[in-house]
Amino acid sequence: MGMRAGSLTHRLVWLILPLALACGSGDVGRKEAKIAPGAGVAPLTTPERVILFLGTSLTAGYGLPAGEGFPARIQEKIDEAELTYRVVNAGVSGDTSAGALRRLDWLLRQPISVLVVELGANDMLRGQRISAMRANLQAIVDRVAESQPSAKLVVAGMRAAPNLGTDYASEFEASFRELAERNRGALIPFLLEGVAGRPELNQSDGIHPTAEGQRIVASNVWKVLEPLLMSSTDSG
341 MGMRAGSLTH RLVWLILPLA LACGSGDVGR KEAKIAPGAG VAPLTTPERV
391 ILFLGTSLTA GYGLPAGEGF PARIQEKIDE AELTYRVVNA GVSGDTSAGA
441 LRRLDWLLRQ PISVLVVELG ANDMLRGQRI SAMRANLQAI VDRVAESQPS
491 AKLVVAGMRA APNLGTDYAS EFEASFRELA ERNRGALIPF LLEGVAGRPE
541 LNQSDGIHPT AEGQRIVASN VWKVLEPLLM SSTDSG
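Residues 341 to 576 in the working numbering are what the sequence shown spells out, letter by letter.
This is how it looks when you write it as structure tokens:
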């Protein structure tokens, strides 16, 4: 899954991707069904099944009005399909796998049916060992499985910055595939497929997707998520 050499702009985008993810705004309380520890929002009590998106500024919808991030677009697709699922956006700008693990118990006060994990880019920025990231991600999955054993797992794959070298990139990118395989989860091969490195689909920082870019990200997610939701609906 390593990135091929491209234009200078394309390469620079990937050099600064994790930095932008970490430096994104922490304003994550303004989106649809968004919850975070200390935000003063009670766990959902609706009868709908919950899809929890656990992630970074990409999930939080950094720089966009409410309703334009990819989790909100997923909710639209769910509603169009007349499925009884509710999206909960638990994206936090700058979050790492360790940070997400620390806040997970608070999030699990509500029952969830699907966990979508979008984490790892900020671990890369901060120089965390890949082994530590893997351990944190597995701990997240284990904790959800212990609390809510029927919950399904979706893992969003990410790519490493090219300046980290091919060995690092290979190990980093394999971590997401292995997490999904080890836990019988579904894998989104690359969350930003069709968006990364395309200036017209990213905000002025060159990193975070525009509203149109988020639509493409939502399509990437939906290709994997829709069959899972449909199969769960068919099985009752």
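C-beta: ideal position from N, C-alpha, C; glycine also.
Should residue i go down as buried or exposed, given a rule of 16 or more other Cβ atoms within 10 Å for buried?
{"i": "K563", "result": "exposed"}
{"i": "S571", "result": "exposed"}
{"i": "G553", "result": "buried"}
{"i": "P549", "result": "buried"}
{"i": "S365", "result": "Because the pLDDT of S365 is 41, which lies under 50, any placement of that residue in the model is unreliable, and the number read from its coordinates should be weighed accordingly. Burial call: exposed."}
{"i": "A472", "result": "exposed"}
{"i": "G497", "result": "buried"}
{"i": "A430", "result": "buried"}
{"i": "G534", "result": "exposed"}
{"i": "I556", "result": "buried"}
{"i": "D445", "result": "exposed"}
{"i": "T399", "result": "buried"}
{"i": "S453", "result": "buried"}
{"i": "D419", "result": "exposed"}
Are the beta-carbon atoms of residue i and residue j separated by less than 8 Å?
{"i": "I391", "j": "V432", "result": "no"}
{"i": "Q468", "j": "T436", "result": "yes"}
{"i": "F516", "j": "L527", "result": "yes"}
{"i": "E458", "j": "T396", "result": "yes"}
{"i": "L493", "j": "L441", "result": "no"}
{"i": "V464", "j": "F512", "result": "Going by the sequence as given, residue 464 is Met instead of Val. Their beta carbons are under 8 Å apart, which means M464 touches F512 by this criterion."}
{"i": "L423", "j": "V481", "result": "no"}
{"i": "Y425", "j": "R389", "result": "yes"}
Pull the bridge partners of residue i from the DSSP assignment, please.
{"i": "L394", "result": "A430 and V457"}
Can you tell me whether residue i sits near the ligand NAD, meaning its C-beta is under 7 Å from at least one heavy atom of the ligand?
{"i": "S433", "result": "Within the structure as shown, the ligand NAD is missing, as the structure has no ligands at all."}
Quiz item: Taking only runs of the alpha helix (DSSP H) that begin and end inside the segment 427–463, which ones reach a length of at least 4 residues, in chain order?
Solution: 437–447
Self-check item: Three-pair Cβ contact test at 8 Å for the segment 522–529 versus the segment 477–493
Solution: yes
Quiz item: If you scan the segment 476–561 from start to end, which runs of the beta strand (DSSP E) of 3 or more residues do you find wholly inside it?
Solution: 492–496 and 526–528
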